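Let me begin by presenting the structure, written as structure tokens, before commenting on it.
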Amino acid sequence: MRRRVAITGIGIVTSHGAGKAANWERIIAGESGIRPVTRFEAGKYRTGKAGQIVDLPVPSWRRVRRSRLDFASNLLHVAFLEALGDTGMSPDALAACSPMVSLGTTLGGMISGERYHETYIRKGPSRALPSLVADHLAHCQPLRIMEEYSLPGVPVVFSDACASGANAVGFAFRAVRGGEADMAVCGGFDSLCEFVFAGFHSLQALTPGLCRPFDRSRDGMVLGEGAGVMFLEPWDRAGARGARILGELIGYGESTDAFHMTRPDPHGAGAISAMRSALADAGVEPDAVGYVNAHGTGTPFNDAMEAAAILAVFGASGDQVPVSSIKPMIGHLLGGAGAVEGIITVLTLQEKRLPPNLNYETPDPACGLRIVRVSERAPCLGVAMSNSFGFGGSNATLVFRSPTGDGV
């Protein structure tokens, strides 16, 4: 059995705010959500800026004790609520569907782990709450959502670096398409914490200036935080219950190249494999793709690798397909990146408008891509691709189609 998979709910929160409307408006306008970090002292690092979220609307929790909630749980909850609202389903109706829950994150509630460590060092082990150790585990935030909404079963949690969110969506997609699930809640999330910030600083991967994916002068990434949640269900079932279909997920490909712990394979073998697998899974040729939402971190090695991979996959049209990265505007969301960027790709197909690649000024001959400098209209856009390539060689590609079915 191979069922069409409809996207019937999307929710998003980034440094541009909560909700797809606010995020889409600011992304299309090319606005930067990068700001000084205030959550911890960042002055000692290579940069003091990130896509930090301020004024997050704290959702209401009925069943989960507030003392057990961290920032990541609230991020995920905000995105979940928006996506649930799209579906037109009540919480009770959702629980009755027994949905699969598949979410990606790199470090889950690491802020709780930091709190435990800080208390342990400053006040001793007797004053450090053991519950904080449990709360930092990657499955805790998904479990809290399931507990709050009485969702049965156990969550599937992906933690494979920057591809986590995309792989979580892809896993849910295959389950719905193959008849293993009639509803799936999927996506990714991560919150900004000093542990991660210090790690990327030590790798010298953070830019002291502006994040410039594919630009000749690019010199590093900027971190961010956020969450993206999608609801997936069989196309026929969604239509039968009168759901508004926001888009269609038609292909997923993943690979692992294991070239290096942090540096990508310069030839892009793993990225090429993921993209080709996703296109084959979708049953479309490369020339059907009208836009690529790139992983585009702004680091010298990653962007050169991704450009080489795109050119290899798209062949003669590789320098013509529009490409952009939204990371200069909201930062690299790590485990949340693939989900949030997938949602932006869905909105791109809905609105027929391409997001800009902020801060792109000087083309790099080593990349050779058709970078979207400012937002462009794309009235004929029907199929788009979203890439996520993580440390350690984890690669994932998602292929989406317009809800009107044009493009294929």
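Take the sequence shown: its letters are residues 1246 to 1653, numbered as in my numbering. We put the beta carbon where it would ideally sit given N, CA and C, even for glycine. These numbers come from a predicted model, not from an experiment.
With a 10 Å radius around its C-beta and 16 neighbouring C-beta atoms as the bar for buried, classify residue i as buried or exposed.
| i | result |
| --- | --- |
| Cys1407 | buried |
| Gly1369 | exposed |
| Glu1286 | exposed |
| Ala1552 | buried |
| Arg1389 | buried |
| Val1299 | exposed |
| Asp1532 | exposed |
| Glu1270 | exposed |
| Ser1217 | Residue 1217 lies beyond the range of the chain shown here (1246 to 1653); nothing can be said about it. |
| Met1355 | buried |
| His1505 | exposed |
| Ala1450 | buried |
| Ser1395 | exposed |
| Met1574 | buried |
Which same chain residues, not among the five before or five after residue i, have their C-beta less than 8 Å away from its C-beta?
| i | result |
| --- | --- |
| Asn1319 | Leu1301, Val1303, Pro1304 |
| Gly1487 | Gly1333 |
| Val1534 | Leu1524, Phe1559, Val1566, Val1628, Ala1629, Met1630, Val1644 |
| Lys1265 | Ile1255, Gly1256, Ile1257, Glu1327, Ile1588, Leu1592 |
| Glu1530 | Leu1524 |
Counting only the same chain and skipping the five closest in sequence on each side, list residues whose C-beta sits under 7 Å from that of residue i.
| i | result |
| --- | --- |
| Thr1364 | Arg1372, Ala1373 |
| Lys1294 | Ile1279, Arg1280, Pro1281, Val1282, Val1467 |
| Asp1460 | Asn1604, Tyr1605, Glu1606, Thr1607, Asp1609 |
| Asn1268 | Ile1257, Thr1259, His1261, Gly1262 |
From residue i to residue j, what does the alpha carbon distance come to, in whole angstroms?
| i | j | result |
| --- | --- | --- |
| Ser1447 | Tyr1290 | 9 Å |
| Ile1589 | Ala1554 | 22 Å |
| Tyr1361 | Phe1316 | 15 Å |
| Ser1639 | Arg1598 | 29 Å |
| Pro1336 | Gln1565 | 45 Å |
| Arg1457 | Ser1343 | 43 Å |
| Ser1518 | Val1558 | 9 Å |
| Gly1398 | Arg1622 | 43 Å |
| Ser1522 | Met1391 | 32 Å |
| Glu1276 | Phe1403 | 31 Å |
| Ala1483 | Ile1490 | 7 Å |
| Cys1625 | Tyr1536 | 11 Å |
| Arg1646 | Gln1595 | 9 Å |
| Cys1612 | Arg1311 | 48 Å |
| Pro1545 | Thr1507 | 13 Å |
| Met1550 | Thr1542 | 11 Å |
| Gly1262 | Asp1331 | 18 Å |
| Gly1528 | Glu1425 | 21 Å |
| Leu1321 | Ala1379 | 18 Å |
| Ile1255 | Ser1562 | 31 Å |
| Ile1366 | Phe1445 | 23 Å |
| Pro1453 | Thr1292 | 5 Å |
| Met1520 | Gly1583 | 14 Å |
| Gly1492 | Leu1614 | 26 Å |
Quick one, which of the options has its alpha-carbon nearest residue i's?
| i | options | result |
| --- | --- | --- |
| Ser1306 | Ala1383, Arg1248, Glu1393, Gly1398 | Here residue 1306 turns out to be Trp, not Ser, going by the sequence shown. If we check each option's Cα against that of Trp1306, Glu1393 comes out closest. |
| His1384 | His1362, Gly1433, Val1534 | Gly1433 |
| Ser1462 | Leu1377, Ala1519, Asp1609, Glu1596 | Asp1609 |
| Cys1438 | Ile1390, Leu1352, Ala1584, Lys1572 | Leu1352 |
| Gly1423 | Glu1478, Tyr1605, Gly1410, Leu1524 | Glu1478 |
| Pro1400 | Ala1341, Pro1387, Ala1623 | Pro1387 |
| His1381 | Gly1563, Arg1482, Ser1260, Leu1314 | Leu1314 |
| Val1441 | Gly1358, Ala1516, Ala1523 | Gly1358 |
| Gly1635 | Gly1410, Val1378, Gly1256 | Gly1410 |
| Asp1427 | Glu1499, Ala1527, Ala1341 | Ala1341 |
| Thr1501 | Gly1515, Thr1507, Asp1510, Arg1508 | Gly1515 |
| Asp1510 | Gly1580, Gly1613, Gly1637 | Gly1637 |
| Ala1641 | Leu1451, Asp1526, Glu1530 | Asp1526 |
| His1540 | Gly1264, Leu1556, Lys1572 | Lys1572 |
| Gly1576 | Gly1465, Ala1429, Gly1492 | Gly1465 |
| Gly1580 | Asp1405, Gly1496, Gly1513, Ala1503 | Asp1405 |
Do residue i and residue j have their C-beta atoms within less than 8 Å of each other?
| i | j | result |
| --- | --- | --- |
| Ile1272 | Leu1494 | no |
| Leu1339 | Leu1329 | yes |
| Arg1248 | Trp1480 | yes |
| Ser1620 | Pro1648 | no |
| Asn1604 | Leu1455 | yes |
| Ala1472 | Val1323 | yes |
| Thr1259 | Gly1296 | yes |
| Leu1578 | Gly1469 | yes |
| Ala1688 | Met1345 | Residue coverage of the chain in this structure runs from 1246 to 1653, which leaves residue 1688 outside it and unanswerable. |
Can you list, in chain order, the residues of its chain with a C-beta nearer than 6 Å to that of residue i? Leave out the 5 residues immediately preceding and following it.
| i | result |
| --- | --- |
| Cys1431 | Ser1347, Ala1413, Val1414, Ala1417, Met1475 |
| Val1631 | Note that residue 1631 corresponds to Ser in the displayed sequence, not to Val. Correct list, in chain order: Asn1538, Glu1586, Gly1587, Thr1590, Leu1643. |
| Val1250 | Phe1418, Val1421, Arg1422, Leu1477, Leu1494 |
| Val1617 | Pro1567, Ser1569, Leu1599, Pro1601, Asn1602 |
Please determine whether the Cβ atom of residue i lies at a distance below 7 Å from any heavy atom of the ligand COA.
| i | result |
| --- | --- |
| Ser1343 | Because no ligand of any kind appears in the structure shown, any question about the ligand COA cannot be addressed here. |
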